[in-house]
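Chains as they are written, first to last, in the working numbering: chain A, 29 to 286; chain B, 29 to 286; chain C, 29 to 286; chain D, 29 to 286. Virtual Cβ for every residue (Gly too), placed ideally from N, Cα, C. In what follows, a structure is listed as structure tokens, so that the remarks can point back to it.
There are 4 protein chains.
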Amino acid sequence: MTDMHWDNAITEVTPTKINIRGYPVQELMGRMTFAQVIWLVIMGDLPDENTSKLIETILIQTIDHGPAPPSCQTVRCVTSTGANLQTAVASGIMCMNRFHGGAIEGCFHALQDGIKLVRDEGISFDDAAVKLIDIYRKEGKRIPGFGHQLHKIDPRTVRLFEICGEIGFDGDNIRMVKALEKAFADSGKPLTLNINGATGAVLGDLGVPPNLMSGFFMMSRVPGLIAHSVEEMDRMRPMRKIHPTDYGYDGEPERHLE
Amino acid sequence: MTDMHWDNAITEVTPTKINIRGYPVQELMGRMTFAQVIWLVIMGDLPDENTSKLIETILIQTIDHGPAPPSCQTVRCVTSTGANLQTAVASGIMCMNRFHGGAIEGCFHALQDGIKLVRDEGISFDDAAVKLIDIYRKEGKRIPGFGHQLHKIDPRTVRLFEICGEIGFDGDNIRMVKALEKAFADSGKPLTLNINGATGAVLGDLGVPPNLMSGFFMMSRVPGLIAHSVEEMDRMRPMRKIHPTDYGYDGEPERHLE
Amino acid sequence: MTDMHWDNAITEVTPTKINIRGYPVQELMGRMTFAQVIWLVIMGDLPDENTSKLIETILIQTIDHGPAPPSCQTVRCVTSTGANLQTAVASGIMCMNRFHGGAIEGCFHALQDGIKLVRDEGISFDDAAVKLIDIYRKEGKRIPGFGHQLHKIDPRTVRLFEICGEIGFDGDNIRMVKALEKAFADSGKPLTLNINGATGAVLGDLGVPPNLMSGFFMMSRVPGLIAHSVEEMDRMRPMRKIHPTDYGYDGEPERHLE
Amino acid sequence: MTDMHWDNAITEVTPTKINIRGYPVQELMGRMTFAQVIWLVIMGDLPDENTSKLIETILIQTIDHGPAPPSCQTVRCVTSTGANLQTAVASGIMCMNRFHGGAIEGCFHALQDGIKLVRDEGISFDDAAVKLIDIYRKEGKRIPGFGHQLHKIDPRTVRLFEICGEIGFDGDNIRMVKALEKAFADSGKPLTLNINGATGAVLGDLGVPPNLMSGFFMMSRVPGLIAHSVEEMDRMRPMRKIHPTDYGYDGEPERHLE
């Protein structure tokens with residue numbers, strides 16, 4: 029043992045075993061879903077049934093959003109130079125900053141500010157929401173997670189909260205985000221609660237630490253970025269000029285689960 | 029429409045809908061698993077039951093392998109400079125090259141060479157395996173996917189093929205890789221079939237195109253890289269010297285699913 | 029000393045010295061130019077006067093090429109998400125692949141094929157050029173470094189060879205690339221010798237190994253990428269749609285050295 | 029012109045010209061040094077003689093610092109996986125964060141705090157330095173740019189200020205950083221002024237905006253990272269375990285300029 033010895037608490041590897049947070053990986057294979065083992069490796073324990081359902085949902089909901097997001101534009105542009113898949117995908121992840129995906133953690137912090145008002149001042153969530161909007165407005169700050177360039181109603185947010193309702197999942201962050209949504213609507217300037225804002229609330233109520241939150245967006249979107257990179261390789265001319273808005277969709281027409 | 033107009037066949041986004049390969053995303057949420065929607069977005073259609081089981085397994089099996097792999101070393105080193113999570117994870121993905129994860133696609137191409145021998149020369153898989161090893165040896169090439177620095181038997185490979193057996197999944201690539209494993213053993217110089225080699229065979233028999241194969245390793249390992257980056261942030265001193273072998277494990281002791 | 033001990037031959041650092049390829053860094057400071065020390069650190073020795081002149085030139089010539097190149101598009105797109113400067117610049121470097129900057133090394137390899145014809149068949153450079161074009165055409169390959177989307181004559185190529193002429197610098201790679209240029213012109217289908225092709229020839233005649241050649245393009249363009257990233261931060265709205273062709277120039281009007 | 033039209037003020041490119049900040053690139057080639065054109069592209073104008081000398085020096089001084097820095101460790105680790113040069117170099121740049129190179133800008137901001145004390149309170153630089161150290165200590169903050177793991181005296185700092193002296197270059201940031209160095213020494217706990225701190229002062233007095241400062245470290249170190257990546261490719265076994273401290277130097281013995 030050297031003086032640089034260090035420990036990790038994630039995975040134990042010996043010649044005969046690979047234990048993920050204590051569980052032999054071969055036991056997890058075939059019995060758990062990928063999303064459940066994601067939760068295990070990141071959070072340290074297997075998720076219960078409700079958490080499993082929410083994590084599958086959260087990872088699915090942002091798996092792709094078409095060619096518009098800068099991460100997709102970047103992946104396609106880098107791919108078109110002849111880059112390999114891993115370099116292209118890495119460049120897409122490097123786009124996940126404050127303005128692209130950052131609202132998950134950003135909204136969570138705002139919700140915490142609101143919850144603090146509830147606790148410190150003994151006021152209702154609804155009153156705290158009105159007050160928080162006012163405070164942010166005076167400081168010239170926006171509340172992350174509200175507003176969307178395209179969607180007036182974000183169908184993912186609607187469905188995520190529907191699922192929360194079905195399984196009876198609730199918490200202070202969800203209460204706060206809904207109070208903010210209501211306060212914006214009551215103010216006569218309604219703002220969409222977008223999927224990032226809603227996700228920040230749900231992850232917060234699931235106990236995910238803030239510095240892990242953007243990881244869920246990364247894991248969710250990587251498959252979409254892979255799909256776009258491979259489509260660019262397979263269908264497009266290298267070094268093409270990639271128009272940021274003049275694109276269409278020529279894939280499968282709308283279809284539905286049975 | 030400009031002369032730069034282009035189409036994607038992955039996701040259709042309008043103000044009111046987000047359709048992934050035709051399916052409204054809100055229909056997928058709550059009814060599918062993340063792994064199933066990964067298959068949908070990447071391959072274009074929802075997986076059947078057997079494919080679902082295999083994809084969950086393949087994504088779980090390499091979710092982490094402890095501190096040794098260069099992707100983990102790199103993620104921790106980049107994190108220790110004060111990088112944010114997304115930059116650290118991107119640097120880890122940039123390690124997934126020929127010598128790290130590349131054996132999935134590499135083994136598949138070797139298997140295709142072997143299958144070609146079977147077809148062209150009308151010989152058995154076992155004879156083709158012996159011949160392929162001989163050809164590669166003469167050309168000074170190794171067959172990717174065989175041999176492992178640490179594991180004499182890779183527990184993940186054993187379990188993956190066990191699951192294939194349970195669901196009756198088989199194909200020429202699996203047959204070929206098993207014939208190669210046997211040929212190495214018979215030659216008196218047995219070589220472990222590592223999980224990358226086994227995965228190349230299974231993905232090949234599932235019809236995954238070669239340029240998508242490394243994507244499965246990326247998607248699988250990103251959660252592990254996130255866990256290591258956040259652990260580095262939370263537990264370690266910035267700019268520490270990261271020893272590449274002198275580390276231990278101080279997490280949960282071995283535990284088992286019920 | 030452990031069994032992992034390794035050596036580097038680039039820089040020796042002790043508590044009291046930092047020697048770059050043997051030279052104390054403080055001796056280089058104030059007496060050499062940056063380009064000369066670049067040559068030292070990469071090639072192992074200080075450049076002579078002619079090499080110095082050529083390296084300064086080669087590093088200047090591609091320092092920027094406006095908003096069109098995919099590396100610039102990517103840097104601006106990544107910057108617009110709120111990324112820091114280093115992440116943005118890294119994403120630009122990740123664009124320097126086969127189709128973007130790759131023609132430096134690509135052209136050099138083609139020139140080596142041509143020089144081999146001269147040597148093996150005892151023919152002139154002009155005859156080898158005609159033959160090489162024919163061989164490549166039959167194999168369906170393009171000779172990298174010829175042709176440019178925009179410039180019919182690349183002003184940088186003209187000036188680079190003018191400087192070579194002024195200092196009397198010549199070599200087989202330069203001879204071969206000029207023979208190819210002539211052969212294309214004589215064929216009735218003239219193709220611009222672009223700056224990447226010309227650079228591959230000059231770097232080849234300077235003795236730069238092929239796996240270092242793309243490094244010169246990286247070093248040259250990084251300042252341009254930094255300029256574009258900072259301009260994007262300072263002037264532009266986050267998350268703007270970046271049009272790939274509809275841009276102008278509103279900087280200093282044309283001016284000249286005294 | 030579309031409604032997405034945008035302008036850049038860096039480079040004007042037409043079929044017949046490439047003007048960098050107004051200067052035709054072919055005029056710069058052969059007459060300017062690379063460092064001078066770096067200043068032009070980044071700052072907008074050609075540097076005067078003193079600025080030229082300082083910029084050459086600043087770009088040379090940190091061109092490499094051996095195998096210890098995390099950027100070098102990362103570049104070698106990524107290279108060892110089979111990555112190409114550009115991906116490896118990009119990963120090294122991604123290490124240039126708060127704790128690695130960040131002290132250039134960090135020190136500048138501290139110097140600005142000190143200069144503000146001088147102005148607001150009408151005290152001397154020496155008094156402001158003592159006061160600033162006290163303020164930072166009470167806030168539990170370190171002053172970036174002071175202290176070095178290895179060098180008790182940083183030979184680069186000594187030489188940089190020697191050159192400033194030779195050309196008579198001075199300014200408030202340099203005055204402030206020297207006052208801080210003196211205050212630390214007088215306090216009985218002397219702290220090395222490292223090269224990053226000194227560079228922050230000089231770049232500040234040259235009028236470089238803070239968000240450009242880390243760019244100088246990037247441009248300076250990229251050649252070193254290229255040298256390490258290529259040495260790793262040429263000399264080392266893929267996937268080796270890279271020891272972070274047990275390395276030596278087997279290059280040119282110490283030598284001197286004539």
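- Within the same chain, G252 come within 6 angstroms of D92 of chain A by CB-CB distance, once the 5 residues on both sides are set aside.
- In this structure R147 of chain A is exposed. Its beta-carbon is surrounded by fewer than 16 other beta-carbon atoms within 10 angstroms.
- A distance below 7 angstroms between beta-carbons, with the five flanking residues on each side excluded, links S119 of chain A to the following residues of its chain, in chain order: T102, V103, V106.
- Of all residues in the stretch 103-117 of chain B, those with a C-beta nearer than 7 angstroms to a C-beta of chain C are T115, reading in chain order.
- Segment contact: the stretch 177-185 of chain D against the stretch 205-224 of chain D, three or more CB-CB distances shorter than 8 angstroms; contact assigned.
- Spanning the alpha carbons of C123 of chain D and M267 of chain B requires a straight line of approximately 10 angstroms.
- Within 10 angstroms of the beta-carbon of M247 of chain B lie 16 or more other beta-carbons, which makes it buried.
- Across the structure, I195 of chain B and N78 of chain B are spaced so that their CA atoms are roughly 7 angstroms apart.
- In this chain, the alpha helix (DSSP H) harbouring T227 of chain A covers 223-233.
- The Cβ-Cβ distance between L145 of chain C and A156 of chain C falls below 8 angstroms.
- Under the Cβ distance rule, T61 of chain B does not count among the residues neighbouring chain D, no pair being separated by less than 8 angstroms.
- Close to H271 of chain A, with beta-carbon spacing below 8 angstroms, are these residues of chain C in chain order: H271, P272.
- Looking at the backbone, the Cα of S152 of chain D and that of Q114 of chain C are separated by about 36 angstroms.
- With contacts defined as CB atoms closer than 8 angstroms, C100 of chain B and G228 of chain B fail to qualify as a contacting pair.
- For F174 of chain A, the beta-bridge partners assigned by DSSP are A:L221.
- Annotation: the continuous beta strand (DSSP E) that includes E40 of chain A extends over 39-41.
- Under the three-pair Cβ rule at 8 angstroms, the stretch 41-53 of chain C does not count as touching the stretch 158-169 of chain D.
- The DSSP-derived three-state label of P238 of chain D is helix.
- For Y51 of chain D, at least one C-beta of chain C is nearer than 8 angstroms to its own C-beta.
- Our two residues, I83 of chain D and I143 of chain D, have alpha carbons roughly 24 angstroms apart in a direct line.
- Fewer than three Cβ pairs drawn from the stretch 48-59 of chain C and the stretch 272-281 of chain C lie within less than 8 angstroms of each other, which leaves the two stretches out of contact.
- Listed along chain B are M57, G58, each with a C-beta nearer than 8 angstroms to that of I191 of chain A.
- When C-beta distances to chain A are compared with 9 angstroms, the residues of the stretch 115-140 of chain C below that value are T115, A116, A118, S119, M122, C123, M124, N125, R126, F127, H128, G129, G130, in chain order.
- Interface criterion met: the Cβ of I38 of chain D is under 8 angstroms from a Cβ in chain C.
- Neighbours of Q89 of chain D across chain C, judged by C-beta separation under 7 angstroms: V53, M57.
- Under the three-state reduction of DSSP output, P251 of chain D falls in the helix class.
- In this structure, the CA atom of H256 of chain C is about 38 angstroms from the CA atom of F62 of chain B.
- Distances from the CA of A131 of chain D to each of D:M261, D:R263, D:G243 were compared; the closest alpha carbon is that of D:G243.
- According to DSSP, residue pairing for D35 of chain C in a beta bridge involves D:G276.
- Residue burial annotation: Q177 of chain A is exposed, with fewer than 16 other C-beta atoms found within 10 angstroms of its C-beta.
- Straight through space, the alpha carbons of M241 of chain C and L231 of chain C are spaced by roughly 7 angstroms.
- The beta carbon of I202 of chain B does not come within 8 angstroms of any beta carbon belonging to chain A, so the residue lies off that interface.
- Within chain D, the residues whose beta carbon sits less than 7 angstroms from that of T30 of chain C are H271, D274, listed in sequence order.
- When the beta-carbon positions are compared, I121 of chain B and V117 of chain A come within less than 8 angstroms of each other.
- Its chain contains L56 as the residues whose beta carbon lies nearer than 6 angstroms to that of V65 of chain D, once the 5 sequence neighbours on both sides are disregarded; these appear in chain order.
- Not one beta carbon of chain A lies nearer than 8 angstroms to the beta carbon of G175 of chain B.
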